[in-house]
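Colleague:
Protein chains in written order, with our numbering: chain A, 1 to 499; chain B, 1001 to 1156; chain C, 2001 to 2329.
1. Does the distance from the C-beta atom of residue 374 of chain A to that of residue 116 of chain A stay below 9 Å?
2. Using only the alpha-carbon positions, how far apart do residue 89 of chain A and residue 2228 of chain C sit?
3. So within the segment 2229–2304 of chain C, which uninterrupted alpha helix (DSSP H) runs reach at least 4 residues, ignoring any that extend past its ends?
4. Across the segment 2111–2124 of chain C and the segment 2196–2212 of chain C, are there enough close Cβ pairs to call them in contact, namely three or more that are closer than 8 Å?
5. Given that a residue counts as buried once 16 or more other Cβ atoms are within 10 Å of its Cβ, and exposed if not, what is residue 2023 of chain C?
6. For residue 321 of chain A, go through chain C and note every residue whose CB falls closer than 8 Å to its CB, in chain order.
7. Going by Cα to Cα distance, which pick from C:2084, C:2019, C:2066, C:2293 is closest to residue 202 of chain A?
8. Between residue 1140 of chain B and chain A, is there a C-beta pair that is closer than 9 Å?
9. Could you tell me whether the Cβ of residue 491 of chain A comes closer than 9 Å to any Cβ of chain B?
10. Cutting at 6 Å between CB atoms, please list the residues of its own chain near residue 1046 of chain B, excluding the five before and the five after it.
11. Taking its Cβ as the centre, do 16 or more other Cβ atoms sit within 10 Å of residue 451 of chain A, making it buried, or is it exposed?
12. Between the alpha carbons of residue 311 of chain A and residue 2168 of chain C, how many angstroms are there, rounded?
13. For residue 296 of chain A, count the other beta carbons within 10 Å of its own beta carbon; 16 or more makes it buried, fewer makes it exposed. Which is it?
14. How would you label residue 14 of chain A, buried or exposed, when you count the other beta carbons within 10 angstroms and need 16 or more for buried?
15. Thinking C-beta only, is residue 477 of chain A closer than 9 Å to residue 51 of chain A?
16. Going by the CB atoms, is the gap between residue 161 of chain A and residue 249 of chain A shorter than 9 Å?
17. Under a CB-based cut-off of 9 Å, is residue 338 of chain A close to chain C?
18. Is residue 271 of chain A helix, strand or coil when you go by DSSP?
19. Please report the distance separating the alpha-carbon of residue 55 of chain A from that of residue 126 of chain A.
20. Assuming contact is defined by CB atoms lying nearer than 9 Å, are residue 2114 of chain C and residue 2301 of chain C in contact in what I supplied?
21. Just the Cα atoms here: how many angstroms apart are residue 2111 of chain C and residue 2261 of chain C?
22. Would you verify that the beta carbon of residue 452 of chain A is, or is not, closer than 9 Å to some beta carbon of chain C?
23. Excluding the 5 residues preceding and the 5 following residue 58 of chain A in the sequence, name in chain order all residues of the same chain whose CB lies nearer than 7 Å to its CB.
24. Of the residues C:2277, C:2175, C:2188, C:2210, which one's Cα is nearest the Cα of residue 464 of chain A?
25. Just the C-alpha distance for residue 2179 of chain C and residue 269 of chain A, rounded to the nearest angstrom, thanks.
26. Using DSSP's beta-bridge definition, name the partner residues of residue 2199 of chain C.
27. Measure the alpha-carbon distance for residue 31 of chain A versus residue 42 of chain A and round it to whole angstroms.
28. Does the CB of residue 73 of chain A have a neighbour CB from chain C at under 9 Å?
29. In chain order, what residues of the same chain lie with their CB nearer than 8 Å to the CB of residue 488 of chain A, ignoring the 5 residues before and after it?
30. What residue does the beta strand (DSSP E) around residue 2213 of chain C start on, and which one ends it?
31. Provide the residue span of the beta strand (DSSP E) that contains residue 339 of chain A, from first to last.
32. Flag this pair as yes or no: are the beta carbons of residue 2275 of chain C and residue 2049 of chain C separated by less than 9 Å?
33. In whole angstroms, give me the CA-to-CA distance for residue 74 of chain A and residue 2116 of chain C.
34. Roughly how many whole angstroms lie between the Cα atoms of residue 1109 of chain B and residue 453 of chain A?
35. Roughly how many angstroms separate the alpha carbons of residue 1078 of chain B and residue 432 of chain A, rounded to a whole number?
36. For the candidate residues A:22, A:64, A:427, A:18, whose alpha-carbon lies nearest to that of residue 39 of chain A?
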């Protein structure tokens, strides 16, 4: 095992794979940064170039690119409040709030440092898990995946404000997300649900336009109202310091970062959970780490832990999501589906052999993700302080640029005007939610988990009748879901006892 | 202001979930189960929230989200957000009417000139930069299908 | 005299169309997002087509996803110009959508200018190798229930086993709701389901790994499964046979390529020749072999025949068919 780990490293640490990796990193950097450029689309465009490469070189190139997309997507989220990628939206809540307080540098530092920790922890967790990863994945059948979605939905409770009123609004927001997830043709009866005879809505609500609307539009309106720069009236000098502070934050909350990394890896390994889920579950977990109301208050208003959690999960999940692709030939995301195409082109057969005979090749991929992150983070730190200065540019000049990027970014998801319309509608809803004091995070959780929950529930019942409820892992997950819901209450009870 | 917004949202969710439940009622049960299981409690919760806003105390709990422009007077907030919404919707209308290729520079330039009150030279140069970036990347390099605007296809 | 005229016309047409495509951009509109089979085929073709079109135009791929390709098909049928510069590639089941009068269909599949199909799509039923059934007959006679995983109505993972259950009396429990055919494969591996139906291309890696064994196929075939029994041959009644045949008919035209109905015939001819030549191109063959996709050109005339066959079904067959099959995916 250990030899394979190092053999994998030596495979990557040769000048050709490294050179291709650098090329991939440079490309991925921009793809992640720009909302209109999706990671999956770019991978598809790059696929023809790998014919002439050796497997290790090709994956250094493709994975180097893919790993960086997730990292630099967070930069856009922090600076502009626009999700650079669908999977980096959770960083907006606290990351952008920090930028508005003049702590853009610190938020970026925290996001990048936690990404790095996430990538490394994820890689090592994977290395340790390799012997049991096949049984692990096979243990999680449809009933378990359904319960995993329920655990995710249960995080709505910890993402809501305390008190009955706060809970009601949290569940309203989450419920609305779940309801939105039912739009489109259903996979049981083939009924077109809530499509209003519109062809565009057949496939359901696309995640990117909705996320862009609900997060970016309120920020733009806010910026237009304030008529200042993003960081308000703070002087440039203050804003551009603090990247190092963000790194220190990562170590200040080291265990949180590690836990969120492990959450990310785990969700990544689970096939079919999708990239967006990991970040939001990590965010939910980060809010739980607040011990009292005073500590909780900062979340959403620029608490650095709200950046560290999603940042860590965002990158650790990439290593994890390699597993179903490599070991079973079952891609967990569009990007992974395209990578799978790359496997065939290179003559590699995904399957159990990749975890035994070809283990070094698998590890070389994990190493690529780690090294690509190290390189990106170091490169970013060189001009992070300059990047942060963007938040002191006059808002009136930034707004048209951000709007153009938002509109193109949402339009590229289906190349249809409906995408932009969706962004505008959910922009309006997002704005009202912010003004009304309804939390937006539960909505996203509902939206990303709704379909998963529905499908796997039907499969579980159709396959096992009621017997699925007695499966051991299901019981454990039920307990976890209950713990997630009641944890905030327990905390309050404990606090009351102290007082 | 937040109580009004909350009322509006609650009524909106009531309408949406009410419609969702009524529409789902006539579907085969397999398609209807989930919308009903979500829709019915959602309707009741939103009714509760609406009643709360109308008859309850106006207290603001701890919200885990940012708050819009706290230091700007409320009337100004309404005026400025209306302007922002008009710009955003106007941009979309411009795209539909004139297509991306024309609407993007038009919007950027007009916004800089009228809203940001920048100078002619800066506005023109900045617009040219944004347009070159947009055109080079999304049109030339990525070949995104940008449909021609309605206004232009009427003319031809 | 007529022959001479024809020769002159042919001679005149060749350089004319060479001039026509020179310096122009040919767009392939794909009815799906990046990352799937239709998109991958289009991108391989886009790389190799220019060599075989006189004038060597630039060929680009644009994705226009939504409503399982209906949006893209409506676009090519009505919005795109009939100038031979836009080719669409859509869901093969669009004729079914037209036949069952799906809301929003604004095209007539038989009227498109058909370039042809780049591949046929063979649907097979495969079950786990550790099950005792070696042939389809054994499975059918055993009367034991087997669990088949599926994505949803309208996909071949769902429709193919559904008809087997309805007409051939196979004791199938159909479990639907998996997010992709790859997810069903994982369910097969963890023994949640016993097997699945689907395109041979997507199942083949798992057959090679000896995880599943193919038992039955639909009409369209590919090298490797020619000898499997065919579903419609086993149909007990002519009516059942007609319905099974109707389901599988579009699969002969597995990767359809069409142009606007009013495209000038000379452009259509150029394209048909270009596609036929490109698909035989040794470089493309080597590439597609590596990518494990079998491309085989089916001429537009054959495709039009298939369309007419599907669209000319008598009403009672269509009504019965609609009871089982819904357009989707």
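Cβ atoms here follow ideal geometry from the backbone N, Cα and C, with glycine treated the same way.
Modeller: In this structure, then:
1. Cβ atoms of residue 374 of chain A and residue 116 of chain A: closer than 9 Å.
2. Distance between the alpha carbons of residue 89 of chain A and residue 2228 of chain C is about 49 Å.
3. Listed in chain order, they are 2238–2248, 2265–2280, 2282–2290.
4. Yes: at least three Cβ pairs fall under 8 Å.
5. When all chains shown are included, residue 2023 of chain C counts as exposed.
6. By Cβ distance, chain C contributes nothing, its closest Cβ being about 13 Å from residue 321 of chain A, past 8 Å.
7. With respect to the C-alpha of residue 202 of chain A, the residue from C:2084, C:2019, C:2066, C:2293 having the closest C-alpha is C:2066.
8. Judged by the 9 Å Cβ criterion, residue 1140 of chain B is not in contact with chain A.
9. No, its Cβ sits nowhere closer than 9 Å to a Cβ of chain B.
10. Only 1010, 1013, 1014 meet the Cβ criterion.
11. Classification of residue 451 of chain A: buried, given that the 10 Å Cβ count is 16 or more.
12. Each residue's alpha carbon lies about 54 Å from the other.
13. Here residue 296 of chain A is buried: its Cβ has 16 or more other Cβ atoms, across all protein chains shown, within 10 Å.
14. Classification for residue 14 of chain A: exposed.
15. Result no, Cβ atoms of residue 51 of chain A and residue 477 of chain A do not sit closer than 9 Å.
16. Between residue 249 of chain A and residue 161 of chain A, the C-beta spacing is not below 9 Å.
17. It does: the Cβ of residue 338 of chain A has a partner Cβ on chain C nearer than 9 Å.
18. Residue 271 of chain A: coil per DSSP, three-state reduction.
19. Each residue's alpha carbon lies about 21 Å from the other.
20. Yes. Within cutoff.
21. The alpha-carbon of residue 2111 of chain C is positioned some 6 Å away from that of residue 2261 of chain C.
22. Judged by the 9 Å Cβ criterion, residue 452 of chain A is in contact with chain C.
23. Excluding residues within five positions, the ones whose Cβ falls inside 7 Å are 50, 342, 346.
24. In terms of Cα proximity to residue 464 of chain A, the closest of C:2277, C:2175, C:2188, C:2210 is C:2175.
25. One C-alpha to the other measures close to 16 Å.
26. In the DSSP output, where bridge partners are listed per residue, residue 2199 of chain C has C:2123.
27. Cα to Cα, residue 31 of chain A sits roughly 8 Å from residue 42 of chain A.
28. With its beta carbon at least 9 Å from every one in chain C, residue 73 of chain A lies outside the interface.
29. Residues 157, 158, 162, 288 of the same chain have their beta carbon placed closer than 8 Å to that of residue 488 of chain A, with the five preceding and five following residues left out of the count.
30. Looking at the DSSP string, the run of the beta strand (DSSP E) that includes residue 2213 of chain C is 2212–2217.
31. Unbroken run through residue 339 of chain A is the alpha helix (DSSP H), 334–345; no beta strand (DSSP E).
32. Contact flag set, yes.
33. Rounded to whole angstroms, the gap between the alpha carbons of residue 74 of chain A and residue 2116 of chain C is 45 Å.
34. Going by C-alpha positions, residue 1109 of chain B is about 46 Å away from residue 453 of chain A.
35. Looking at the backbone, the Cα of residue 1078 of chain B and that of residue 432 of chain A are separated by about 12 Å.
36. Closest by C-alpha distance to residue 39 of chain A, out of A:22, A:64, A:427, A:18, is A:64.
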